[in-house]
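Trainee: Supplied in structure tokens, the structure appears directly below.
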Amino acid sequence: MNKWITSALFVGALFIGQVSSQAMAQDQNTIRLGIDVPYEPFVVRNAEGDLEGFEIDLGNELCARANLECDWVEQSWDGIIPGLLSRKYDAILSSMAITPERERQVLFSLPYYNTPSVWITARDRDIDIDDKDSLKGLSVGVQRGTIRDVYVTQEYGDVLDIHRYGSSQEVVNDLKAGRLDLTFEDFPIANDAIDFRGDDSPYKQLGESIKTPTSIFGEGAAMAFRKRDRDLAETFDKAICEVYADGTFDKLMNQYFDYDLSVPPSAADCEKFE
Amino acid sequence: MEQLNSWFTALLSGNAIFTANTLGFYWNGLVTTIQLVFLSLLIGVILAVPLAIGRGSKRRWIKLPIYAYTYVFRGTPLLIQLYLVYYGVVFFDGIQDSIFWVVFKQAFFPALIAFTLNTAAYTTEIFHGAIKNTAKGEIEAARAYGMSRRLMMRRIILPSAFRRALPAYGNEVIFMLHASAVASVVTIMDLTGAAYYVYARFYAPFQAFIFVALIYLCLTFGIMFVFRKLEKRLLAHLRPRGA
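Protein sequence lines, in the order shown, are assigned to chains A and B. Position in the first sequence (from 1) plus 146 gives the number in this note's numbering. Position in the second sequence (from 1) plus 4 gives the number in this note's numbering.
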């Protein structure tokens, strides 16, 4: 009995695979993009039931430039790479950060955005984050095991007193309680939880927002493809270069964000498309 | 020694996780854990002796508050008590500007206070039980000698009660060691904090935690050994002859 079910499934799987690859062949100009919904403000389903958000606008723009018809396919995050590999869709465009582990399974496009990290302190504090000697003995709160923990440990481990917390909420609590002199936070999280951007807000940002070195902060979020779909990936790399070159990316970004999460591709990455 | 050293280096060279750097984290964690547990146990015992005597008092105004204290601290999880002390103190207005802030700014002292109050509550009940169970004959004999209550407490009841409380107290020490693992949630880099750090840094939960589990096992073994010796010495008179 069991054998029957197994072989029926096997034959069925073969058949489905055949049909979908035929469908692919028939309509070369349509591709499906997998995305995990919702992830505000990148993607969210509005009251009419349509998808909208920064990544939807960006994805549609990229598809238009690549002369492709794009359909969005919803997929929960934990199955998003298996869904790509089993051809439920042809690419992922869902805030997926490039990591070595994922690179073993999928092919990434050029990164299209990366959220920065920021140093935050109380407004009345006078701290120079670049003057290491002056930082001696100050306490900094970070969420344990994050890229920001790695950065602070590596760059400031010898001067700052690093407090590692289980969640970013606890970091914010202790900053507000006065236990921490500094915190190093993911910009979107800090933006939601700490009042630091007004002229008379109780906290302030120190120095520039930080996205480098990429060896710690990663290259950013990118589209992911099946490894064999090199041509498709290049088509989108070209489109990403274009939206950055002519300012379309910045225009879209400014519609949704009031901070900079752009990662302009290097000239070397783009010159082969010119 | 030379041989041991090269053997150790060779052992370390084969893996990416247990480098000198992470072992340093574990070592500092071990020191912090022992400091925290030892200090809270020490202060706990000092508090528990008068509390245990008071707990057995006939006067309600002494007995009831102590009972309420042990009930509350034995009736709530240590983690919650730690959160309350650590995050709760900042709700007192102006504490940041008072002299207490020197103490409460660090994570160590709120944790020490929570641990001390917790172990003092348990130890009070352990000592109270032992005092209550003092053999009637010993008390009657002391009375027959004309001892005052104070003298009787000092010479007869307490020494005998402490001896009998020893096995239960040994358990409390081990429980306290294990309970101290919650200190890492308020950023203290104790043994568990070090393990969390290694876990988060290398995404290797099994290696990080099995190593720390082994250290806890060794510590527990040490504590058991000390209490076994103590019991053997102090409770010799209670053992059957020739055993």
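Glycine included, every Cβ here is placed at the ideal spot set by N, Cα and C.
Measure from the C-beta of residue 283 (chain A) to each C-beta in chain B and report whether the shortest distance is under 8 Å.
Mentor: Taking Cβ atoms only, chain B never reaches closer than 8 Å to residue 283 (chain A), which makes this a no.
Trainee: Assuming contact is defined by CB atoms lying nearer than 8 Å, are residue 59 (chain B) and residue 75 (chain B) in contact in what I supplied?
Mentor: Not in contact: residue 59 (chain B) and residue 75 (chain B) (Cβ atoms no closer than 8 Å).
Trainee: Between the segment 138-157 of chain B and the segment 117-129 of chain B, do three or more beta carbon pairs fall short of 8 Å?
Mentor: With a cut-off of 8 Å, the segment 117-129 of chain B and the segment 138-157 of chain B do not count as touching, because too few Cβ pairs lie within range.
Trainee: Thinking C-beta only, is residue 49 (chain B) closer than 8 Å to residue 138 (chain B)?
Mentor: No, the pair does not count as a contact, with Cβ atoms beyond the cut-off.
Trainee: Give me the subset of the segment 313-340 of chain A whose CB atoms are less than 7 Å from a CB atom of chain B, sorted by chain position.
Mentor: The residues in question are 319, 323, 324 and 325.
Trainee: Can you give me, in chain order, the residues of the segment 185-204 of chain B that have a beta carbon less than 7 Å from any beta carbon in chain A?
Mentor: Residues 189, 191, 200, 201 and 204.
Trainee: Can the beta-carbon of residue 201 (chain A) be found less than 8 Å from the beta-carbon of residue 188 (chain A)?
Mentor: Yes, the Cβ-Cβ distance between residue 201 (chain A) and residue 188 (chain A) is below 8 Å.
Trainee: Just the Cα atoms here: how many angstroms apart are residue 332 (chain A) and residue 352 (chain A)?
Mentor: The straight-line gap from Cα to Cα measures roughly 14 Å.
Trainee: Whole-angstrom Cβ separation of residue 21 (chain B) and residue 206 (chain B), contact assumed at under 8 Å?
Mentor: Confirmed, Cβ separation roughly 5 Å.
Trainee: The beta strand (DSSP E) with residue 161 (chain B) in it runs from where to where?
Mentor: Residue 161 (chain B) -> no beta strand (DSSP E), and no H or E assigned at all.
Trainee: Suppose you measure from the CA of residue 269 (chain A) to the CA of residue 340 (chain A); what does that come to, to the nearest Å?
Mentor: Using only the alpha carbons, I get a separation of about 12 Å.
Trainee: Spell out whether any CB of chain A is found under 8 Å from the CB atom of residue 4 (chain B).
Mentor: The question about residue 4 (chain B) has no answer, for chain B in this structure spans 5 to 247.
Trainee: Just tell me which of B:10, B:17, B:89 and B:30 has its CA closest to the CA of residue 202 (chain B).
Mentor: Nearest option by C-alpha distance: B:30.
Trainee: DSSP state of residue 110 (chain B), grouped into three classes?
Mentor: It is coil, neither helix nor strand.
Trainee: Using the Cα positions of residue 107 (chain B) and residue 114 (chain B), report the straight-line distance between them to the nearest angstrom.
Mentor: Whole-angstrom Cα-Cα distance: 8 Å.
Trainee: Report buried or exposed for residue 310 (chain A), applying the criterion of at least 16 other Cβ atoms within 10 angstroms of its Cβ.
Mentor: When all chains shown are included, residue 310 (chain A) counts as buried.
Trainee: Please confirm whether residue 422 (chain A) has its beta-carbon closer than 8 Å to some beta-carbon of chain B.
Mentor: The structure shown does not extend to residue 422 (chain A), since chain A is modelled only from 147 through 420, so no value can be given for it.
Trainee: Considering only the beta carbon of each residue, do residue 34 (chain B) and residue 219 (chain B) sit closer than 8 Å?
Mentor: For residue 34 (chain B) and residue 219 (chain B), yes; Cβs fall inside 8 Å.
Trainee: In angstroms, rounded to a whole number, what distance separates the CA positions of residue 93 (chain B) and residue 12 (chain B)?
Mentor: Looking at the two C-alpha atoms, the distance is approximately 46 Å.
Trainee: When the Cβ atoms of the segment 367-375 of chain A are set against those of the segment 224-238 of chain A, are three or more pairs found closer than 8 Å?
Mentor: The segment 367-375 of chain A, when compared against the segment 224-238 of chain A, does touch it at the 8 Å Cβ threshold.
Trainee: Taking the straight line between their C-alpha atoms, what separation do you get for residue 17 (chain B) and residue 180 (chain A)?
Mentor: Looking at the two C-alpha atoms, the distance is approximately 43 Å.
Trainee: Taking the alpha-carbon of residue 314 (chain A) as reference, which of A:293, A:307 and A:273 has the nearest alpha-carbon?
Mentor: Of A:293, A:307 and A:273, the residue nearest in Cα terms is A:293.
Trainee: For residue 359 (chain A), does the three-state DSSP call read helix, strand or coil?
Mentor: It is coil, neither helix nor strand.
Trainee: Whose CA, out of B:174, B:162, B:73 and B:19, lies closest to the CA of residue 223 (chain B)?
Mentor: Answer by Cα proximity: B:174.
Trainee: Which residues does DSSP pair with residue 242 (chain A) in a beta bridge?
Mentor: According to DSSP, which records beta bridges pairwise, residue 242 (chain A) is partnered with A:368.
Trainee: Between which two residues does the beta strand (DSSP E) holding residue 253 (chain A) run?
Mentor: Segment 253-259, the beta strand (DSSP E) holding residue 253 (chain A).
Trainee: Quick one: any contact between the segment 252-261 of chain A and the segment 378-391 of chain A, if contact means 3 or more CB pairs under 8 Å?
Mentor: Segments in contact, yes.
Trainee: Which residues in chain B sit within 9 Å of residue 248 (chain A), going by Cβ to Cβ distance?
Mentor: Going along chain B, no residue has its Cβ under 9 Å from residue 248 (chain A), so there is no contact; the nearest lies around 14 Å.
Trainee: With distances taken Cα to Cα, identify the nearest neighbour of residue 238 (chain A) among A:182, A:215, A:195 and A:262.
Mentor: Residue A:182 is the option with its Cα nearest to residue 238 (chain A).
Trainee: Is there at least one Cβ from chain A nearer than 8 Å to residue 94 (chain B)'s Cβ?
Mentor: Yes, contact with chain A.
Trainee: Mind reading off the beta-carbon distance from residue 195 (chain B) to residue 124 (chain B)? Whole number of angstroms is fine, and I expect it under 8 Å.
Mentor: Not a contact, Cβ separation roughly 23 Å.
Trainee: Is residue 7 (chain B) helix, strand or coil when you go by DSSP?
Mentor: Correct three-state label for residue 7 (chain B): helix.
Trainee: Please confirm whether residue 192 (chain B) and residue 111 (chain B) have their CB atoms less than 8 Å apart.
Mentor: Yes, they are a contact pair.
Trainee: Using only alpha-carbon positions, find the residue among A:282, A:408 and A:240 that is nearest to residue 355 (chain A).
Mentor: Of A:282, A:408 and A:240, the residue nearest in Cα terms is A:408.
Trainee: For residue 39 (chain B), decide whether its Cβ has a neighbour in chain A, counting only Cβ atoms nearer than 8 Å.
Mentor: Output row for residue 39 (chain B): interface = no.
Trainee: Go ahead and label residue 182 (chain B) buried or exposed: buried means 16 or more other beta carbons lie within 10 angstroms of its beta carbon, across all protein chains shown.
Mentor: By the 10 Å Cβ count, residue 182 (chain B) comes out exposed.
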